[in-house]
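Student: Whatever position you read off the sequence shown (first residue = 1), add 436 for the numbering used here. Sharing a structure here in structure tokens format.
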Amino acid sequence: MKFSENKPSKSLHLVSLGCTKNLVDSEIMLGKLKEYKITNEPENADVIIVNTCGFIDSAKEESINTILTLHDERKEESVLVMAGCLSERYKEELQKELPEIDIFTGVGDYDKIDKLVEEKRSFFTDEVFLLNEENDRVITGSSYHAYIKLSEGCNQSCSFCAIPSFKGKLHSRTLESLVKEVKNLVKNGYTDFSFVSQDSSSYLRDLNIKDGLEKLIEEVEKIEGVKTARILYLYPSTTTLSLIEKIKNSDIFENYFDMPLQHISANLLKIMKRGKGVEKLKELMDAMRKVPNSFVRTTFIVGHPGETQEDFEELCKYVKEYKFDRANVFSYSDEEGTSAYDRIDKIPQELIDSRAEILGEIISETTNNSLENEIGKEFEVYIDGESDEHEYLLSARKTTWAPDIDGEIYINDNELYDEKNPKQLEFGKIYRVKITELAGDKLLATVIK
């Protein structure tokens, strides 16, 4: 018998931590390492990559714990790689303190990962990595949805955020590059897109174009095959009423408004260096809410240095009144290299935790109200597949919602009936459903078309 001379392919285990922007970078690395077989078993992998997050303390801790756990599990001769934000932010310290790691690399070399693994060497470039249409990505987690990264870096100077210190200033991709990437993905069957960056509403401002997102919307609307899209991470001072109107009038872009406010008190917004007066901010938020069938998401930080009880109560009152569809609350985290780090009016941790709990409960109520308001309504959803809850339930997502963060809808039948013959529902396709009830935090629906 003659045996094949082909060597068995090497295997790769990749963990992507943090935000969806990190996920895009992880998908670039998967594209550069296509000859490796993906495995969910780190103990058997020849190469293990952790794309780390360095945003706040809890994220940093998760990154370190993950990489040390994987080191304990891995086999001899495997290669352990630490990439991404945390690696970039603390490159000197981590290379001294973590001899367990074979390769360190930061946020500028995702397209070089194949060479770094092959040569088993660490490398940090000073250049910003910007995705282009020639970069081959391996989209993960969906057969129809993909994230598109608009830019890298950020020109804002928020008091609590260290991202610009290790990601640099805003560098936007060209509109041509984005359009080519979307067209390529459409050819491969992708129909739903989420556009992301640190500050999406500043897209192209570094190239002296103030209405970059509006131009993006116009170009994406021309691409045949794109069914739905949404924009994540708008910034208050660069979001305009004109942009809101553009989204409202679009047949492709959902009425999805994701703007991290962080606070609503004039005192705190000034301390946080958020660059927008309260009245103007509320004008923007009201305009978003007035858009028919709008979905509004935000985030808040409590316990920032200088936050008084009055400031916190004003924030709670606004959240109750506005009734956000979704929101997240973060406890303030002291970050080196930020202006907040050096302030002397720090809030005790116990009080920060208490405020986070109080605001979290208010947000739970507004989220629940948003879900209850869907009962009895009809709208379109993407069906993702079988649910983790039960084999007879299908998992779906409202086309307006962003994947993973805005919720899951259970469909309790897997066939679309007509009078003569039932048709099996297809995953990754759009169906019209009617919401019948809310069970816990999950909406239940029946397919009607």
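Cβ atoms here follow ideal geometry from the backbone N, Cα and C, with glycine treated the same way. Note that the structure is a prediction, hence the values are computed from the model and not measured.
#1: Check this for me: beta carbons of residue 460 and residue 483, under 8 angstroms apart or not?
#2: I need the boundaries of the beta strand (DSSP E) containing residue 736, first residue and last residue.
#3: By Cβ distance below 6 angstroms, which residues in the same chain neighbour residue 692 in space, the five residues on each side in sequence not counted?
#4: Classify residue 696: buried if its beta carbon has 16 or more other beta carbons within 10 angstroms, exposed otherwise.
#5: According to DSSP, what are the bridge partners of residue 585?
#6: Would you kindly work out how many angstroms separate the C-alpha atoms of residue 933 and residue 668, rounded to a whole number?
#7: Residue 456 and residue 598 - do their beta-carbons sit closer together than 8 angstroms?
#8: Taking only runs that begin and end inside the stretch 504 to 584, name each unbroken alpha helix (DSSP H) of 4 or more residues, in chain order.
#9: Tell me where the alpha helix (DSSP H) around residue 467 begins and ends.
#10: Near residue 557, what residues of its chain come up, given a Cβ to Cβ distance below 6 angstroms and the 5 sequence neighbours on each side ignored?
#11: Which residue marks the beginning of the alpha helix (DSSP H) containing residue 403, and which one marks its end?
#12: Touching or not, the stretch 560 to 577 and the stretch 490 to 498, by the rule of three or more beta carbon pairs under 8 angstroms?
#13: For residue 643, I'd like the list of residues in its chain whose CB is within less than 7 angstroms of its CB, leaving aside the five on either flank, ordered along the chain.
#14: For residue 663, I'd like the list of residues in its chain whose CB is within less than 7 angstroms of its CB, leaving aside the five on either flank, ordered along the chain.
#15: May I ask you to list the residues that DSSP assigns as paired with residue 880?
#16: Shorter than 8 angstroms from the beta carbon of residue 454 to some beta carbon of chain B?
#17: Taking the alpha carbon of residue 831 as the point to measure from, which residue in 501, 842 and 847 has its own alpha carbon closest?
#18: Tell me the DSSP secondary structure of residue 690 in three-state form.
#19: Answer with buried or exposed for residue 505, where buried requires no fewer than 16 other C-beta atoms within 10 angstroms of its C-beta.
#20: Can you tell me the Cβ-Cβ gap for residue 487 and residue 447, rounded? I've got them flagged as a contact below 8 angstroms.
#21: Cα separation between residue 700 and residue 754?
#22: Could you give the distance in angstroms between the alpha-carbon of residue 568 and the alpha-carbon of residue 617?
#23: How about residue 827 and residue 878: do their beta carbons lie closer than 8 angstroms?
#24: DSSP on residue 748, reduced to helix/strand/coil?
#25: Would you say residue 769 and residue 493 are within 8 angstroms of each other, going by their C-beta atoms?
#26: Going by other Cβ atoms of all chains shown within 10 Å of its Cβ, with 16 needed for buried, is residue 438 buried or exposed?
#27: I'd like to know if the stretch 801 to 821 and the stretch 648 to 659 are in contact, where contact means that at least 3 CB-CB pairs between them fall below 8 angstroms.
#28: Assuming residue 834 is part of the alpha helix (DSSP H), what are its boundary residues?
#29: Taking its Cβ as the centre, do 16 or more other Cβ atoms sit within 10 Å of residue 458, making it buried, or is it exposed?
#30: Are the stretch 754 to 767 and the stretch 731 to 740 touching by the rule of at least three beta carbon pairs closer than 8 angstroms?
#31: I need the straight-line Cα distance from residue 624 to residue 533, nearest angstrom please.
#32: Can you give the Cα-Cα distance for residue 686 and residue 795, rounded to whole angstroms?
#33: Count the other CB atoms within 10 Å of the CB of residue 728; is the residue buried (16 or more) or exposed (fewer)?
#34: Going along the chain, which residues of its own chain have a beta-carbon closer than 6 angstroms to the beta-carbon of residue 902, five neighbours each way excluded?
Tutor: Reading from the atomic positions:
#1: no
#2: 731 to 738
#3: 666, 731 and 836
#4: buried
#5: 632
#6: Nothing can be reported for residue 933: it is not among the residues displayed for the chain, which extend from 437 to 885.
#7: no
#8: 521 to 525, 527 to 533 and 549 to 555
#9: 456 to 468
#10: none
#11: Examination of residue 403 is not possible in this model, given that the chain is present from 437 through 885 alone.
#12: no
#13: 608
#14: 627, 628 and 866
#15: 846 and 873
#16: The chain labelled as chain B is not found in the depicted structure, where only one protein chain is given.
#17: 847
#18: coil
#19: exposed
#20: Their Cβ separation, rounded to whole angstroms, is 17 angstroms, which puts residue 487 and residue 447 out of contact at 8 angstroms.
#21: 7 angstroms
#22: 7 angstroms
#23: no
#24: helix
#25: yes
#26: Note on residue 438: pLDDT 39, under 50, position unreliable in the model; no value is reported.
#27: no
#28: Per DSSP, residue 834 belongs to no alpha helix (DSSP H); it is in the beta strand (DSSP E), 830 to 834.
#29: buried
#30: yes
#31: 43 angstroms
#32: 34 angstroms
#33: exposed
#34: Residue 902 is absent from the structure shown; the chain starts at 437 and stops at 885.
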